[in-house]
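Asks: Pasting in a structure now, in structure tokens, and then I'll have a few things to ask.
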Amino acid sequence: MRICVSACLLGERVKYNGGDNLVPDLAARLRGHDVVPVCPEVAGGLSVPRPPAELVDGRVRTRDGADVDAAFRAGVSACVAALDLDGAGLDLAILQSRSPSCGVNAIYDGSFSGRLIPGRGLFAAELARRGVRVVDIEDLDTAGL
Ligand code: SF4
């Protein structure tokens, strides 16, 4: 399978706080597949580290209210183009939970208080809209790997 994976899950230090979300056994479980690590926020030109951001009424904003929506959406577009969905195809995306870009099942509610609501990050939503199967890393056991 050709599988897109949130880069932070593979140990790339691209999180907003400069860290990663390494899942130690993920690389081993992906062995034999064509793995494409992506970070849509870095692809959109955002720095590491960067202020935390959440979807607020449909736009991505930082905690201090700065509108960073354009950079987040530019990153989604750049990743979708780089993935060459129509040419190379993509069987699956395994994405980090709760991110305003990568979240699959839930995202923060925009209040920066830690509350979650059902919903998807911008990248996960766009992949799903284009017919790609998206799986939250917390549901990895359902991915059929
Ligand atoms: Fe990880 Fe996605 Fe956030 Fe990048 S945008 S740090 S890949 S969760």
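Residue numbering for the sequence shown follows the working numbering, starting at 141 and increasing by one per position.
A virtual CB, placed ideally from N, CA and C, is assigned to each residue, including glycine.
With respect to 7 Å, is the separation between the Cβ of residue 219 and the closest non-hydrogen atom of ligand 1 below this value?
Replies: The answer is no for residue 219.
Asks: Under the rule that 16 or more other beta-carbon atoms within 10 Å means buried, what is residue 171, buried or exposed?
Replies: exposed
Asks: Would you say the beta carbon of residue 191 comes nearer than 7 Å to a heavy atom of ligand 1?
Replies: no
Asks: If distances are taken between C-alpha atoms only, which option among 147, 275, 281 and 251 comes closest to residue 182?
Replies: If we check each option's Cα against that of residue 182, 147 comes out closest.
Asks: Are any of the Cβ atoms in chain E nearer than 8 Å to that of residue 263?
Replies: Chain labels in this structure do not include chain E; a single protein chain is all it has.
Asks: Please determine whether the Cβ atom of residue 176 lies at a distance below 7 Å from any heavy atom of ligand 1.
Replies: no
Asks: Going by DSSP, what residue range makes up the alpha helix (DSSP H) through residue 169?
Replies: 166-169
Asks: Once you ignore the five residues that flank residue 278 on each side, which residues in its own chain have a CB closer than 8 Å to its CB?
Replies: 237 and 245
Asks: Thinking just about the alpha-carbon of each residue, which of 253, 220, 231 and 194 is nearest to the one in residue 243?
Replies: 194
Asks: Does the Cβ of residue 247 have 16 or more other Cβ atoms within 10 Å, making it buried, or fewer, making it exposed?
Replies: buried
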